[in-house]
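Numbering (our numbering), first residue to last: 429 to 524.
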């Protein structure tokens, strides 16, 4: 069964306390090549059947209304994975 992956990130203009904590830990570990970290969320929705335009429209609606808080987060990517976990051409890519 195919999966649809939805990535949600804090809005760029907002502080990210989790990301700041991870960045501080990386510095303490001597990993100074990393200058910033942002922590987001990944959702995997398993689809029973084919992924078509109607399913993708439903996922976009679900992502905007349920999976993200539009005040503080952006849905940054919706990707379709095939059964092997490879990216499908159906809906991969960043959202505007």
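The beta-carbon is built from N, C-alpha and C at its ideal position, and this holds for glycine as well.
Going by DSSP, residue 489 is part of the alpha helix (DSSP H) stretching over 481-490. Taking the Cα of residue 503 as reference, the smallest distance to any Cα among 438, 453, 447 and 430 is reached at 438. In the DSSP assignment, residue 445 falls within the alpha helix (DSSP H) that extends over 445-456. Between residue 432 and residue 499, the C-beta spacing is not below 7 Å. The DSSP-derived three-state label of residue 509 is strand.
Here the alpha carbons of residue 458 and residue 473 stand approximately 37 Å from one another. Annotation for residue 471: the continuous beta strand (DSSP E) segment containing it runs 469-474.
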